[in-house]
Structures are given as structure tokens and as C-alpha cells.
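Numbering (the working numbering), first residue to last: 3 to 346. Cβ atoms here follow ideal geometry from the backbone N, Cα and C, with glycine treated the same way. Written below as C-alpha cells is the structure these notes are about.
As C-alpha cells, this is what we get:
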């Protein structure tokens with residue numbers, strides 16, 4: 003900290019607020035702590051009776067908080083992320099588009115283990131909307147050593163097979179084929195309730211259900227329906243119903259018989275325990291339990307956006323959903339602004 007004549011302080015950083023008092027009108031901080039003195043500030047400071055100022059000495063190797071926050075925000079930001087202007091040592095990151103938020107939690111933890119800077123984010127793998135705030139980069143002192151900012155930039159440097167610390171991935175527009183199983187629906191005894199729900203859910207994610215086929219509980223009929231949808235150009239298959247352990251529930255067996263590589267049958271998510279995920283080559287195929295039709299938020303909402311964002315999920319990815327996979331069934335559902343699915 004230095005004491006300088008006002009006329010010699012241009013470019014220096016104020017160590018304290020400088021208050022303007024107008025009797026009977028106002029009392030306010032005309033210049034805030036951390037302000038970089040500009041040539042046009044000198045007359046105003048002199049008018050306030052300030053002949054000398056206490057300022058930080060921005061010697062070589064030190065960076066002002068706003069420049070440092072901007073550099074940190076730029077280093078951690080990837081595609082789909084917008085940077086706001088710096089203010090009081092903080093830069094806010096927001097979504098440039100609707101999509102899936104991806105956060106590299108391991109590198110985020112390393113960054114926050116450093117001194118004098120922080121980065122806080124929303125949870126990984128949740129849907130965000132254009133303009134939504136995602137994260138804040140903040141420098142805690144008014145000035146920070148250059149080498150600390152460089153460490154962040156080095157940590158965030160591109161690596162083979164890696165991504166940025168914060169990004170928003172767009173969802174692809176899938177051509178969804180739906181197979182609805184159940185003799186009671188196929189024979190017209192009850193009306194199908196799954197179709198309208200899934201059409202609405204996929205539409206919210208930017209995808210289209212291009213064809214829905216109704217089948218009985220016959221295994222071969224389900225297999226033929228799956229293959230017919232693939233022949234029609236569907237690149238995302240969902241099979242509804244028949245997912246429990248009753249003798250007539252043969253959907254898992256039919257999905258296997260259709261040639262799918264089954265990743266999991268059963269997920270540590272409530273609602274959604276009887277969920278199945280498989281792949282027919284690159285095409286995801288999902289066995290959806292009845293809870294997807296009745297609950298506003300379920301395993302569907304944790305898994306489908308990730309598949310549409312390009313993630314190929316493994317058994318361990320599904321197992322990780324158990325932490326935070328219990329829905330509290332709140333009277334007013336506010337998903338995704340809740341703990342459901344956030345532990346993974």
C-alpha cells in the first residue's frame with residue numbers, strides 16, 4: 003500500500019471507498035475500493051478535498067481483481083457459455099442456448115483448492131435455458147498474484163479427450179420411435195396414456211415422436227415393432243409398459259431379442275427403478291416403467307437429456323444416479339431446481 007499525490011495516482015488501485023457528502027442531499031461512495039484511478043477522476047478527487055490517496059502498488063506480478071476474474075471466467079468457459087461484465091471482482095457465466103450443463107467437477111475441485119479465487123456452479127448434467135446463470139468466478143482480494151491466474155489458465159488448457167470446466171451442450175433433434183406394449187391397450191380395452199405424455203416430454207427437449215406402434219404382450223410382436231421403427235428411420239427407441247416382474251411383462255426380453263446391448267435393467271432412481279437402458283448399435287433403446295407416465299419428474303428426466311446431448315451412458319453412470327436419485331414428491335414440483343438427480 004502506498005500514499006500518493008492524487009495527480010500521481012492515475013492507474014493505481016484505491017484501497018478504500020471515497021465518500022461524497024452533499025449536505026441535505028446525499029452521502030454516497032463516489033469511488034469504490036478497488037477502483038482504478040483514471041485521468042478524469044483527478045478533478046473530482048481534488049474537489050472532494052483529496053490531495054493524497056492510499057493505493058495498492060500494482061507492481062509486476064500482480065493483477066487487479068476485475069482483470070483476474072475475467073481471465074478466470076474466460077479460461078473455464080466452453081461452448082454455449084456467455085461471460086458477463088466484471089464487477090467487484092466477479093464475472094457471471096450464463097447459458098448461450100438451451101441445453102445440458104456439463105461441469106468438470108474434478109477440475110472444479112482443484113481450482114477451488116487454490117488461494118484467493120473461487121468458482122461456483124450449478125450441478126452437473128441438468129437442463130438449463132438460454133440466459134440462465136450457470137456459475138460465478140470471483141477473486142477474493144483486490145489484487146492477486148499473476149502466477150495464481152496462470153495456474154487456472156494452465157489447469158483449463160485443452161487436453162486430449164477432455165472438455166472445458168463449464169459448457170452447455172445442445173441437444174440433438176431425435177426421431178423417436180415408440181412401442182407401447184400391453185394387450186389391454188392393443189385390444190382397445192383402455193386408452194393409451196403413455197403416448198401423449200412422452201410426446202410432450204420429447205417436444206420440450208426438441209425431439210419428435212415420429213411413430214408409435216401398439217403391440218400386445220407378445221415378445222415377437224414387440225421385436226418386430228422395434229425393427230420396423232428402425233427401418234422407418236427412428237434413431238431413438240422407447241418401449242413403454244411390460245417392465246415389471248409379472249409373467250406377462252416381457253419387454254426386457256423383447257429388447258434383448260431385438261439385438262440390443264443392455265446396459266442395465268433396473269436403476270437406483272425412485273421413481274424409475276424398473277428402467278432399462280440398451281443400445282442397438284448407436285441407437286439408444288429405453289424400457290420405460292409406468293411411473294414415467296404418472297410422475298412429473300422421474301428417471302426419464304435424468305437420463306434422456308444426457309443421451310440427447312451425446313453421452314453414451316454406462317452401467318456405472320446409472321449406478322451413480324443413486325446418490326440424489328430419490329424424488330421427494332414435493333406438492334409443487336420445481337424440477338430441475340431441486341436435489342433430485344444432483345448427487346451424480
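- Residue 83 sits in a strand when the DSSP states are folded into three classes.
- Taking 7 Å as the cut-off, the beta carbon of residue 237 is found no closer than this to the beta carbon of residue 171.
- Here the C-alpha atom of residue 195 lies approximately 40 Å from the C-alpha atom of residue 165.
- Between residue 293 and residue 270, the C-beta spacing is not below 7 Å.
- Note on the region 12-58: whole alpha helix (DSSP H) runs with a minimum of 4 residues are 43-49, in chain order.
- In the assembly as shown, residue 297 is a buried residue. Its beta-carbon has 16 or more other beta-carbons within 10 Å.
- By the criterion of a C-beta distance shorter than 8 Å, residue 31 is surrounded in its chain by 19, 20, 21 and 22, once the five residues flanking it on both sides are discounted.
- Nearest neighbour of residue 286 by Cα position, chosen from 341, 299, 260 and 205, turns out to be 260.
- C-alpha of residue 88 to C-alpha of residue 12: approximately 20 Å in a straight line.
- DSSP places residue 214 in the strand class (E or B) of the three-state scheme.
- Here residue 135 is actually not in contact with residue 79; their C-beta atoms are around 13 Å apart, not less than 8 Å.
- With a cut-off of 8 Å on Cβ pairs, the region 221-233 is not in contact with the region 190-204, counting fewer than three such pairs.
- Per DSSP, the continuous beta strand (DSSP E) segment holding residue 121 begins and ends at 119-123.
- Per DSSP, the beta bridge partners of residue 241 are 181 and 289.
- According to DSSP, residue 135 shares a beta bridge with 96.
- In summary, residue 139 is buried, with 16 or more beta-carbon neighbours lying within 10 Å of its beta-carbon over all protein chains present.
- Counting only residues of its own chain and dropping the five nearest sequence neighbours on each side, residue 52 has a CB closer than 7 Å to the CB of 8 and 20.
- In the displayed model, residue 325 falls within coil according to three-state DSSP, outside both helix and strand.
- Assignment of residue 167 by DSSP, reduced to helix, strand and coil, places it in the coil class.
- When rounded, the separation of the alpha-carbon atoms in residue 245 and residue 277 is 7 Å.
- Looking only at 222, 35, 344 and 316, the smallest Cα-Cα distance to residue 304 is reached by 344.
- Cα atoms of residue 35 and residue 4: separation of roughly 14 Å, rounded to the nearest angstrom.
- Inter-segment contact for the region 196-215 and the region 140-150 is absent: fewer than three beta-carbon pairs are separated by less than 8 Å.
- Where residue 203 is concerned, the enclosing alpha helix (DSSP H) starts and stops at 196-206.
- Segment contact: the region 35-47 against the region 109-128, fewer than three CB-CB distances shorter than 8 Å; contact not assigned.
- Between residue 308 and residue 126, the C-beta gap is not smaller than 7 Å, which leaves the two residues out of contact.
- The Cβ atoms of residue 221 and residue 81 lie no closer than 7 Å to each other.
- Going by C-alpha positions, residue 73 is about 18 Å away from residue 106.
- The C-alpha of residue 119 is placed about 59 Å away from the C-alpha of residue 187.
- In the three-state reduction of the DSSP assignment, residue 301 falls in the helix class, which pools H, G and I.
- Distance between residue 189 and residue 256, taken at the CA atoms: about 20 Å.
- With respect to residue 206, residue 180 sits apart: the two C-beta atoms are not nearer than 7 Å.
- For residue 6, the secondary structure class from DSSP, reduced to helix, strand or coil, is strand.
- Your pair residue 242 and residue 219 does not check out as a contact, with CB atoms roughly 13 Å apart and the cut at 8 Å.
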